[in-house]
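In what follows, a structure is listed as structure tokens, so that the remarks can point back to it.
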Amino acid sequence: MATDLQQRILAFLNGGPGNFDELALEVFEFQRAHNPTYRAFCDPRPPITRWEEIPAVPTSAFKDFQIACFPVSQAVAEFHTSGTTHTRAGKHYFKTLELYDAASRPNFIAHLLPDVASLPVLALTPSPANAPHSSLAHMLGVVAGNDCEFFIERDKLLSDRLTQRLCEMQWSSQPVMLLGTAFAFVHLFDHLGKLRFDLPEGSRAMETGGFKGRSRAITKTELYRLFTHQLGIPTQHIVNEYSMTELSTQFYDETMRIGRQSNRKDVPAWARVLIIDPATGQPAQVGERGLIRVYDLANLWSAVCIQTEDLGIAYADGTFEVLGRVAGAEVRGCSLNAESLRN
Amino acid sequence: MNTADIQTAISQAAGNWLVPGNQWRTRAIAEAPGLTGFSPEMVDEAITLIFSSLKLEALEKFPVPTDAPRRITHILSGNVPAPGIGSICRGLLLNAENLVKCSQRDPVFPRLFVESLREVNAELAARVTVLHWSREEISQTRTALAGADAVFAYGDDESIASLRALTPATTKFYGYGHKISFAIVGHEALFTGDLPAAAAFDASMYDQQGCMSPHAFFIEGDARGFAELLARAMEDYQHRVPRGKLAIEEAALATRVREAYEFRSANDSRVSVWTSHPPYPWTVIYDEAMEFTPSCLNRTVFVKPAKTLNAIREWTGRISTVGISPWNDRLQSLAGSLAGRVCQIGQMQRPPVLFLG
Chain A
1191 MATDLQQRIL AFLNGGPGNF DELALEVFEF QRAHNPTYRA FCDPRPPITR
1241 WEEIPAVPTS AFKDFQIACF PVSQAVAEFH TSGTTHTRAG KHYFKTLELY
1291 DAASRPNFIA HLLPDVASLP VLALTPSPAN APHSSLAHML GVVAGNDCEF
1341 FIERDKLLSD RLTQRLCEMQ WSSQPVMLLG TAFAFVHLFD HLGKLRFDLP
1391 EGSRAMETGG FKGRSRAITK TELYRLFTHQ LGIPTQHIVN EYSMTELSTQ
1441 FYDETMRIGR QSNRKDVPAW ARVLIIDPAT GQPAQVGERG LIRVYDLANL
1491 WSAVCIQTED LGIAYADGTF EVLGRVAGAE VRGCSLNAES LRN
Chain B
5 MNTADIQTAI SQAAGNWLVP GNQWRTRAIA EAPGLTGFSP EMVDEAITLI
55 FSSLKLEALE KFPVPTDAPR RITHILSGNV PAPGIGSICR GLLLNAENLV
105 KCSQRDPVFP RLFVESLREV NAELAARVTV LHWSREEISQ TRTALAGADA
155 VFAYGDDESI ASLRALTPAT TKFYGYGHKI SFAIVGHEAL FTGDLPAAAA
205 FDASMYDQQG CMSPHAFFIE GDARGFAELL ARAMEDYQHR VPRGKLAIEE
255 AALATRVREA YEFRSANDSR VSVWTSHPPY PWTVIYDEAM EFTPSCLNRT
305 VFVKPAKTLN AIREWTGRIS TVGISPWNDR LQSLAGSLAG RVCQIGQMQR
355 PPVLFLG
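Protein chains in written order, with my numbering: chain A, 1191 to 1533; chain B, 5 to 361.
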């Protein structure tokens, strides 16, 4: 049954027939049946009839439990969250990477390569072989193709080598695609200092993730200004990617699809995003802020509905915007709170 | 002005606030909720709590040293009105001239209190000037600090450090930082009677944003049983004094904490969660984990077995108050090793008049 469901989801991911609403409910039933942890969470709740009612698994659960519908000893891969000194890392186990890879490729191409078949890739991440537990490194390994170099080794950005490659690209008039975390790009820009490139037309960049204290934190506007100023990549060719270890699907700014810089993200056919008003637990009004909840059919073997810790806004055209992680709630009184000293 | 006249004037002004329908009380209930974020019922509750503590016999206990400062600058912070009112009273009892920078979150209480004092004793009220300016206006702050013999400053570590840096080295500087509080219920305690209601009052007052608001109750006896009773009492208190409306970030933070524990509770017998209906105005979390994490506030309170109490020692120096029940030597000694102020549960939000720790 699971194999059949996986095949049907795979076909749907690949643009074949299928109905999200029905598949989501099937995946939910499958997960409830095959993950006792999830079943224990769901059973006291009223039965559901619509995908919007599927009980969401908070991302924190990946730290405390095995969120998997198969024996994790059979996992072909496990991706880990970064974890901090005060928290354990969360783990996402994969029985197969088929769905993950199928969800990654076409979505990446639609948002980073809508105009050309391929480009050489310079990735400011470790290689998948060097970081087997990094979902980002794996994803880039899948989408980037063969002409891809990785520039992080042992947690260090290979700035000199990367700078040299950028020189070569500029001299050979070869457009290039840069992929990496926002903080890795900040390290690159700090390294470049006064050195400026004017990368060939058609060059582009994908940046992802927050800073998590690993580089100086700057605003998105400032980061994009640096892309343009130091690399010559115009803002309509810079795309933010939103994803997390607990998901199998990535979300990209609509920027390259519409031809101008935008902070709104597209939702592919096999996923849904709801913005939840924390005061009601129900979907927020369009344009109102709330917690981002993701429904992802490619998460067949883990959890189809994930409650993130990020705030976002939904728009009437079906896109959504990510506003950042819930953390810095202002202390209004004179008590310390959970966030006061831990950051 | 002699000390007795000052004490009398403060106690009279405070007494007026306690009269239902009194103009200052009415105005505070109308004006304070917006900026403080408290419900009108909570503002009402706060008025009763604060002004009933300013009785003459309590004020008479306040010692006035011979070398008291003549001019005091008070830099207030946050939405909880009690420390600011206490600070002003302390300055007056010291016979000083007082310059008060009120908090952006509560410009209402200090002004109205001084107005109410003017009604009783205009000369005394003239010794307090309440102003507000933004913390970005450094030159204003510097001027206010330079003119003082002593500075009473409230706020987070960063604010206090920057105020200290702006204060001339010869000026006495008293910084009161943000703190946490908690409570211990001894095995001798009976859960019947008033204890759960007293605990719920301490945890719910000021929507748990005060430094004397308990984040956790450590229970020597049946901790889970206590949590259940506390939950019921939190609901009762919510009916009487609703929590204020939260900013989206605060609500999201509380949701994140609640949902994480709800998922755990389905699969871990060491965790249980009690909560209300949307907008989830209170949450009680029973957790046997050895670690202690401060609450996200806004009436999210932990109940833990006392065997986990050791984790609180990490917060030594940042603990304001430890509430205990029952009031016996053993618990007083245990609590006294952890914090400067020890009181009975139910009294955590009723510090001695001018206690500021």
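Yeah, the Cβ is synthetic: ideal placement off N, Cα and C, and Gly gets one too.
Just so we're clear, the structure is a prediction, and the values are computed from it rather than from any experiment.
Less than 7 Å separating the beta-carbons of residue i and residue j?
{"i": "S120(B)", "j": "A32(B)", "result": "no"}
{"i": "V47(B)", "j": "T7(B)", "result": "no"}
{"i": "A1334(A)", "j": "V1311(A)", "result": "yes"}
{"i": "I323(B)", "j": "A343(B)", "result": "yes"}
{"i": "L1487(A)", "j": "I1199(A)", "result": "yes"}
{"i": "C1495(A)", "j": "A1267(A)", "result": "no"}
{"i": "A310(B)", "j": "I184(B)", "result": "no"}
{"i": "M1446(A)", "j": "H1301(A)", "result": "yes"}
{"i": "L39(B)", "j": "R139(B)", "result": "no"}
{"i": "D1456(A)", "j": "T1509(A)", "result": "yes"}
{"i": "H219(B)", "j": "S299(B)", "result": "yes"}
{"i": "T1271(A)", "j": "A1258(A)", "result": "no"}
{"i": "F267(B)", "j": "A1251(A)", "result": "yes"}
{"i": "N302(B)", "j": "D211(B)", "result": "yes"}
{"i": "L1369(A)", "j": "A1313(A)", "result": "yes"}
{"i": "A293(B)", "j": "A1230(A)", "result": "no"}
Name, please, each residue of chain D whose Cβ falls closer than 9 Å to the Cβ of residue i.
{"i": "D1254(A)", "result": "No chain D appears in the structure shown, which is made up of the protein chains A and B."}
State the DSSP-derived secondary structure class of residue i, mapped to helix, strand or coil.
{"i": "W1241(A)", "result": "helix"}
{"i": "H182(B)", "result": "coil"}
{"i": "K59(B)", "result": "coil"}
{"i": "M5(B)", "result": "coil"}
{"i": "M1367(A)", "result": "strand"}
{"i": "D48(B)", "result": "helix"}
{"i": "L103(B)", "result": "strand"}
{"i": "I349(B)", "result": "coil"}
{"i": "L1309(A)", "result": "coil"}
{"i": "V1262(A)", "result": "helix"}
{"i": "S120(B)", "result": "helix"}
{"i": "C93(B)", "result": "helix"}
{"i": "Y1505(A)", "result": "coil"}
{"i": "I1408(A)", "result": "coil"}
{"i": "R1462(A)", "result": "strand"}
{"i": "P114(B)", "result": "helix"}
{"i": "R354(B)", "result": "coil"}
{"i": "P1473(A)", "result": "strand"}
{"i": "R1532(A)", "result": "Because the pLDDT at R1532(A) is just 45, under 50, the model does not fix this residue reliably, and the value given afterwards should be weighed accordingly. It is coil, neither helix nor strand."}
{"i": "C1232(A)", "result": "helix"}
{"i": "Y284(B)", "result": "coil"}
{"i": "D161(B)", "result": "helix"}
{"i": "P1248(A)", "result": "strand"}
{"i": "N1297(A)", "result": "helix"}
{"i": "V1521(A)", "result": "coil"}
For residue i, return the contacting residues in chain B, with the cut-off set at a CB-CB distance below 9 Å.
{"i": "T1227(A)", "result": "F267, A270 and N271"}
{"i": "T1470(A)", "result": "P282 and P283"}
{"i": "P1365(A)", "result": "Near P1365(A) there are no residues of chain B at all, since even the closest Cβ is about 41 Å away, more than 9 Å."}
{"i": "V1463(A)", "result": "By Cβ distance, chain B contributes nothing, its closest Cβ being about 16 Å from V1463(A), past 9 Å."}
I want to verify the contact list: residues of chain A whose CB lies under 8 Å from the CB of residue i, in sequence order.
{"i": "K368(B)", "result": "Because chain B here runs from 5 to 361, residue 368(B) falls outside it and cannot be looked at."}
{"i": "T287(B)", "result": "Residues of chain A passing the Cβ test: none, with the nearest at roughly 12 Å."}
{"i": "N83(B)", "result": "R1522 and G1523"}
Going along chain B in order, which residues have a C-beta closer than 7 Å to the C-beta of residue i?
{"i": "G1477(A)", "result": "The premise fails here: G1477(A) is roughly 13 Å from chain B at the closest Cβ pair, so nothing lies under 7 Å."}
{"i": "V1521(A)", "result": "D160 and H182"}
If the cut is a Cβ gap below 8 Å, which residues of chain B does residue i touch?
{"i": "Q1163(A)", "result": "Since the first residue of chain A shown is 1191 and the last is 1533, residue 1163(A) is not available in this structure."}
{"i": "A1251(A)", "result": "A264, F267 and R268"}
{"i": "A1230(A)", "result": "A270 and N271"}
Contact defined as beta carbons within less than 8 Å: I believe residue i pairs with residue j. What is the distance between those atoms, to the nearest angstrom?
{"i": "T259(B)", "j": "L1481(A)", "result": "6 Å"}
{"i": "A193(B)", "j": "Y241(B)", "result": "With 8 Å as the limit, A193(B) and Y241(B) do not qualify as a contact, their Cβ atoms being about 19 Å apart."}
{"i": "K1285(A)", "j": "W1491(A)", "result": "4 Å"}
{"i": "F1220(A)", "j": "A1201(A)", "result": "With a Cβ gap of about 16 Å, F1220(A) and A1201(A) do not count as contacting."}
Which residues in chain A sit within 7 Å of residue i, going by Cβ to Cβ distance?
{"i": "A157(B)", "result": "Going along chain A, no residue has its Cβ under 7 Å from A157(B), so there is no contact; the nearest lies around 12 Å."}
{"i": "Q351(B)", "result": "Correct list: empty, because the minimum Cβ distance to chain A is about 17 Å."}
- Message: Three or more C-beta pairs under 8 Å: does that hold for the segment 1286-1306 of chain A against the segment 1437-1456 of chain A?
- Response: In short, these stretches touch, since the Cβ pair count reaches three.
Query raised in the report: Are at least three pairs of beta-carbons, each pair with one atom in the segment 131-139 of chain B and one in the segment 106-116 of chain B, less than 8 Å apart?
Result: Contact check between the segment 131-139 of chain B and the segment 106-116 of chain B: three or more CB pairs, one atom from each, fall below 8 Å, which counts as touching.
inquiry  = Measuring CB atoms only, is the segment 1472-1479 of chain A touching the segment 1307-1322 of chain A, in the sense that at least three cross pairs come out at less than 8 Å?
reply    = no
Q | Segment contact, 8 Å Cβ cut-off, at least three pairs: the segment 1375-1387 of chain A with the segment 1344-1362 of chain A | A | yes
Can you find at least 3 beta carbon pairs, one from the segment 1213-1227 of chain A and one from the segment 240-254 of chain B, that sit closer than 8 Å?
no
**Message:** Quick test of the definition: if touching needs 3 or more C-beta pairs under 8 Å, does the segment 77-91 of chain B touch the segment 60-67 of chain B?
**Reply:** Taking 8 Å as the limit for Cβ pairs, the verdict is that the segment 60-67 of chain B does not touch the segment 77-91 of chain B.
Practice problem: Determine, using beta-carbon pairs with one atom in the segment 1460-1470 of chain A and one in the segment 202-219 of chain B, whether at least three such pairs fall under 8 Å. | Solution: no
If we count Cβ pairs, one from each stretch, closer than 8 Å, do we get three or more for the segment 162-181 of chain B versus the segment 325-341 of chain B? no
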